[in-house]
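This report concerns only the one structure given below.
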Amino acid sequence: MPQFDFSQALPQILWLALVFALLYILVSAMLPRVQKVVEDRAGRIAADIRSAEAARAEAEASFSGGSSALADARGNATGITSKARDAASAATARRLADVDETLKIQAEAAAASLATTRAAALAELDSVAADATVDLVKRVAGVDLTSGEAADYVRKVAA
Numbered sequence: 000m001p002q003f004d005f006s007q008a009l010p011q012i013l014w015l016a017l018v019f020a021l022l023y024i025l026v027s028a029m030l031p032r033v034q035k036v037v038e039d040r041a042g043r044i045a046a047d048i049r050s051a052e053a054a055r056a057e058a059e060a061s062f063s064g065g066s067s068a069l070a071d072a073r074g075n076a077t078g079i080t081s082k083a084r085d086a087a088s089a090a091t092a093r094r095l096a097d098v099d100e101t102l103k104i105q106a107e108a109a110a111a112s113l114a115t116t117r118a119a120a121l122a123e124l125d126s127v128a129a130d131a132t133v134d135l136v137k138r139v140a141g142v143d144l145t146s147g148e149a150a151d152y153v154r155k156v157a158a
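Residue numbers for the sequence shown follow numbering that gives the first Met the number 0, so the first one is 0 and each next one is one higher.
Right, dumping it as structure tokens:
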């Protein structure tokens, strides 16, 4: 192997120095461009970080403003619903009072009508009882009674 042959060591060292020098010159020529790219990238990253922080601060500010607006809207909605509920309760109470009054008037009218009908039925009951008495006395005793006499007897018994 030529690496272990010490008689050829000098040309290998010269070639090594020559290749190293050539690479050093190439790298030193490229280094400013690479440094410029790295610096540009670092500046762009810093600018992006600053704009992201500004956007985050703006979002937090709008969120706090939005939450207070939401709380105000909820308060307004609660007030409106309570007013509507109170108005509906008042309207319902008025309707119930009107219906109660109407039912009371109808109940009084029905009671008066019932009293009139009852009185008429009781008056007619006396005449029906008198007629029944005339028929019964005629069948049982064979005596003819007049309607007036039968009505008198019925009144005496009913009293």
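Virtual Cβ for every residue (Gly too), placed ideally from N, Cα, C.
Per-residue burial, residue i [other beta carbons within 10 Å of its own, 16 or more giving buried]
i	result
Val18	exposed
Val153	buried
Cβ-based neighbour list, residue i, same chain, cut-off 8 Å, excluding 5 preceding and 5 following
i	result
Leu102	none
Asp125	Ala150, Val153, Arg154 and Ala157
Ala46	none
Continuous alpha helix (DSSP H) assignments of at least 4 residues falling wholly in the region 71-151: none
Stretch pair the region 83-96 + the region 111-125: three plus CB contacts closer than 8 Å: no
Given 8 Å, three or more beta-carbon pairs between the region 146-157 and the region 129-137: The region 146-157 vs the region 129-137: in contact.
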